[in-house]
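**Q**
Protein chains: 4
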Amino acid sequence: MAVAELCLFPLGTKTPSVGKYLEPVLEVIRTSGLKYKLCPMGTVVEGSVEEILDLVKACHEAIFRAGAERVVISLRIDDRTDKPLTIEGKMRV
Amino acid sequence: MAVAELCLFPLGTKTPSVGKYLEPVLEVIRTSGLKYKLCPMGTVVEGSVEEILDLVKACHEAIFRAGAERVVISLRIDDRTDKPLTIEGKMRV
Amino acid sequence: MAVAELCLFPLGTKTPSVGKYLEPVLEVIRTSGLKYKLCPMGTVVEGSVEEILDLVKACHEAIFRAGAERVVISLRIDDRTDKPLTIEGKMRV
Amino acid sequence: MAVAELCLFPLGTKTPSVGKYLEPVLEVIRTSGLKYKLCPMGTVVEGSVEEILDLVKACHEAIFRAGAERVVISLRIDDRTDKPLTIEGKMRV
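Residue numbers (my numbering), protein chains in the order written: chain A, 11 to 103; chain B, 11 to 103; chain C, 11 to 103; chain D, 11 to 103.
See below:
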């Protein structure tokens, strides 16, 4: 399993508060079946790299469906083959 | 078309020079058919979000095939629906 | 106050487990006086941009003191002037 | 010398085109005295970590002076002690 952090920033919204664009994205994450953890600067998910990239695609679609005209998506994946990686395991470091 | 920057950092390599792990990743990007530009802090590619995410998957496989035991992948995608985005267009800003 | 996420990745560490390089960095964050929250993919801190950048400098020094030969530091700052930003506030979104 | 990539994203700007907020930031970089290279997804600079962090502070001030109400700043620094790092050197990898 890989662990990844995902953040989306809609640009060109009328106001600096962008929660209404992010709510449908969170709904996609919540219903994805992947383990996830909301953090102050993004959402952390646990899954195979394929599952994580599929989730990024679904979040990208969701934010445009929510009315965004431009989005910056930031993703950072941590993956290793020598031992298991989990959200909980990474909290212990 | 979206524009994205991709960087991979293998961790736990014997020396701080990681070029031998990145060379096979660059070969994957070169032969992907996507427009790309090498930059000092990562490689920038142009394509649909689906094409970009498929490329990330292929790069992830390539770096482990090259012998990495752990990798951090950083991806930032810029996409907009109101006007076309290209690598050249973004150089003009 | 701004909120920022900070992650450091030492490269060339012989093994993929890098906790011994990060422990002194966490000690710097813990004793900085800034509010912070450990997250799976990095540590989130709250402070002025000046305080956050001073902390980055101290963490950079700490990881080299811990024996790292190369480090990639990733920092993302969110700051706004229209309303207060806090770690707790951002958890609610 | 360290090499770093810096990107600023103003949020809540009414339109998705944000060049007018970034132009004053580029002016700060151009007049900083640091070596720099404009790239499609951000600007790469070369300097000591202290110089780079000072530049981030100046860019942060510049984008708010340009009228932004909220900004996300993304910074990634690569630094090593075992051999010199330069913008040109990193282009060769």
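Just so you know, even glycine gets a beta-carbon here, dropped at the ideal spot from N, CA and C.
Predicted model only: the values in this text are computed from it and were never measured.
1) Is the segment 49-65 of chain A in contact with the segment 28-39 of chain C, if contact means three or more CB pairs nearer than 8 Å?
2) Might you give, ordered along the chain, the residues of its own chain that have their beta carbon closer than 6 Å to the beta carbon of serine 84 of chain C, omitting 5 neighbours on each side?
3) From leucine 36 of chain A to arginine 86 of chain D, what distance separates their C-alpha atoms?
4) Taking all protein chains shown into account, decide if glutamate 33 of chain D is buried (16 or more other Cβ within 10 angstroms of its Cβ) or exposed.
5) With 8 Å set as the bound, which would you pick, yes or no: does the beta-carbon of arginine 75 of chain B sit closer than that to a beta-carbon of chain A?
6) Measuring straight from C-alpha to C-alpha, what distance separates arginine 75 of chain A and aspartate 64 of chain B?
7) By how many angstroms is the C-alpha of methionine 11 of chain C removed from the C-alpha of aspartate 92 of chain C?
8) Of the residues that make up the segment 28-59 of chain A, which ones have a beta carbon closer than 9 Å to any beta carbon in chain C?
9) Any residues in the segment 62-93 of chain D with a beta carbon nearer than 7 Å to a beta carbon of chain C? Which ones, in chain order?
10) Taking the alpha-carbon of threonine 41 of chain B as reference, which of B/Thr23, B/Cys49 and B/Glu61 has the nearest alpha-carbon?
11) Would you mind telling me which residues of chain A sit closer than 8 Å to glycine 22 of chain D, beta carbon to beta carbon, in chain order?
12) Does chain B have any CB closer than 8 Å to the CB of methionine 11 of chain D?
13) Measuring straight from C-alpha to C-alpha, what distance separates valine 81 of chain B and alanine 14 of chain D?
14) Pick out whichever of C/Tyr46, C/Glu79, C/Lys47 and C/Gly57 has its Cα sitting closest to the Cα of leucine 21 of chain C.
15) Checking 8 Å against the spacing of the C-beta atoms, do valine 59 of chain C and aspartate 88 of chain C come in under that value?
16) Return the chain-ordered list of same chain residues with a C-beta closer than 7 Å to the C-beta of tyrosine 46 of chain C, the five sequence neighbours on each side being excluded.
17) Excluding five sequence neighbours on each side, which residues of the same chain lie with their C-beta closer than 7 Å to the C-beta of lysine 100 of chain D?
18) With burial defined as no fewer than 16 other Cβ atoms inside 10 Å of the residue's Cβ, what is the status of glycine 57 of chain D: buried or exposed?
19) Would you tell me roughly how many angstroms separate the C-alpha atoms of glycine 77 of chain C and threonine 23 of chain C, rounded to the nearest one?
20) My output table needs one value for valine 103 of chain A: the three-state DSSP class, helix, strand or coil.
21) Under 8 Å Cβ to Cβ from alanine 72 of chain B, same chain only, skipping five residues before and after it: list those, please.
22) Which runs of the beta strand (DSSP E) spanning at least 3 residues fall entirely within the segment 28-93 of chain C, listed in chain order?
23) Who are the near neighbours of proline 94 of chain A in its chain, counting only those whose CB is closer than 6 Å to its CB and skipping five residues on each side?
24) Just to confirm my understanding: we take alanine 68 of chain A, look at its own chain, exclude 5 residues before and 5 after, and list those with CB closer than 8 Å. What are they?
25) Have a look at isoleucine 97 of chain C and histidine 70 of chain D and give me their C-alpha separation to the nearest angstrom.
26) Using DSSP bridges, identify the partner residues of proline 20 of chain B.
27) Are any of the Cβ atoms in chain A nearer than 8 Å to that of valine 103 of chain C?
**A** Per the coordinate set shown:
1) No: the two stretches stay apart, fewer than three of their Cβ pairs being nearer than 8 Å.
2) Indexing the third sequence from 1 puts residue 84 of chain C at position 74. So the list reads Cys17, once near-sequence residues are dropped.
3) By one-based count along the first sequence, residue 36 of chain A stands at place 26. By one-based count along the fourth sequence, residue 86 of chain D stands at place 76. It is roughly 26 Å from the alpha-carbon of leucine 36 of chain A to the alpha-carbon of arginine 86 of chain D.
4) Stepping through the fourth sequence from its first residue, residue 33 of chain D is reached at position 23. Answer is exposed; the Cβ neighbour count stays below 16.
5) Stepping through the second sequence from its first residue, residue 75 of chain B is reached at position 65. Output row for arginine 75 of chain B: interface = no.
6) Here residue 75 of chain A refers to the residue found at position 65 when the first sequence is read from its first residue. Here residue 64 of chain B refers to the residue found at position 54 when the second sequence is read from its first residue. C-alpha separation (whole angstroms): 22 Å.
7) The sequence position of residue 92 of chain C within the third sequence is 82, counting from 1. The sequence position of residue 11 of chain C within the third sequence is 1, counting from 1. Cα to Cα, the separation comes out at about 11 Å.
8) Residues passing the 9 Å Cβ filter: Val28, Gly29, Leu32, Glu33, Leu36, Lys47, Leu48, Cys49, Pro50, Met51, Gly52, Val54 and Glu56.
9) Of all residues in the segment 62-93 of chain D, the ones placed with a Cβ closer than 7 Å to any Cβ belonging to chain C are Leu63, Val66, Lys67, His70, Phe74, Glu79, Arg80, Val81, Val82, Ile83, Ser84, Leu85, Arg86, Ile87, Asp88, Asp89, Arg90, Thr91 and Asp92, in chain order.
10) Stepping through the second sequence from its first residue, residue 41 of chain B is reached at position 31. When only C-alpha atoms are compared, the closest one is B/Glu61.
11) Here the question's residue 22 of chain D lines up with position 12 in the fourth sequence. Thr23, Lys24, Thr25, Pro26, Ser27 and Val28, listed in chain order.
12) Stepping through the fourth sequence from its first residue, residue 11 of chain D is reached at position 1. So no, methionine 11 of chain D is outside the interface.
13) Start at 1 with the first residue of the second sequence, and residue 81 of chain B comes out as number 71. Start at 1 with the first residue of the fourth sequence, and residue 14 of chain D comes out as number 4. Taking the straight line joining both Cα atoms gives about 20 Å.
14) Position 11 of the third sequence holds residue 21 of chain C. With distances taken between Cα atoms, leucine 21 of chain C lies closest to C/Glu79.
15) On the third sequence, residue 59 of chain C is found 49 positions in, with the first residue counted as 1. On the third sequence, residue 88 of chain C is found 78 positions in, with the first residue counted as 1. Going by C-beta atoms, valine 59 of chain C is not nearer than 8 Å to aspartate 88 of chain C.
16) Position 36 of the third sequence, counted from the start, is the residue given in the question as residue 46 of chain C. In its chain, beyond the 5 residues on either side, Ile39, Thr53, Val54 and Val55 have a beta carbon closer than 7 Å to the beta carbon of tyrosine 46 of chain C.
17) Working through the fourth sequence from its first residue, we reach residue 100 of chain D at position 90. Excluding five sequence positions before and after lysine 100 of chain D, the CB atoms of its chain that fall closer than 7 Å to its own CB belong to Val13, given in chain order.
18) Taking the fourth sequence and counting its residues from 1, the one referred to as residue 57 of chain D is at position 47. With 16 or more Cβ atoms within 10 Å of its Cβ, glycine 57 of chain D is classed as buried.
19) Taking the first residue of the third sequence as position 1, residue 77 of chain C is located at position 67. Taking the first residue of the third sequence as position 1, residue 23 of chain C is located at position 13. So the two alpha carbons sit approximately 9 Å from each other.
20) As a working note, residue 103 of chain A is residue 93 in the first sequence. For valine 103 of chain A, the predicted structure reports a pLDDT of 46, less than 50, and the residue's modelled location is therefore unreliable. The matter cannot be settled from this model.
21) Here residue 72 of chain B is taken as the residue at index 62 of the second sequence, counted from 1. Excluding residues up to 5 positions away in sequence, Pro34, Val35, Glu37 and Val38 lie with their Cβ nearer than 8 Å to the Cβ of alanine 72 of chain B in the same chain.
22) Runs of the beta strand (DSSP E) lying entirely within the segment 28-93 of chain C, each at least 3 residues long, are 45-49, 52-57 and 80-90 in chain order.
23) For this step, residue 94 of chain A is matched to residue 84 along the first sequence. Excluding its 5 nearest sequence neighbours in each direction, proline 94 of chain A has no C-beta neighbour in its own chain below 6 Å.
24) Residue mapping note: residue 68 of chain A aligns to position 58 of the first sequence, counting from 1. Cβ within range, chain order: Val38 and Ser42.
25) Against the third sequence, residue 97 of chain C aligns to sequence position 87. Against the fourth sequence, residue 70 of chain D aligns to sequence position 60. Isoleucine 97 of chain C and histidine 70 of chain D have their alpha carbons spaced roughly 20 Å apart.
26) One-based indexing of the second sequence puts residue 20 of chain B at position 10. Looking at the DSSP assignment, proline 20 of chain B forms a beta bridge with B/Val81.
27) Along the third sequence, one-based indexing puts residue 103 of chain C at 93. In this prediction, valine 103 of chain C has a pLDDT of 45, which is less than 50 and means its spatial position is unreliable; nothing more can be read from the coordinates.
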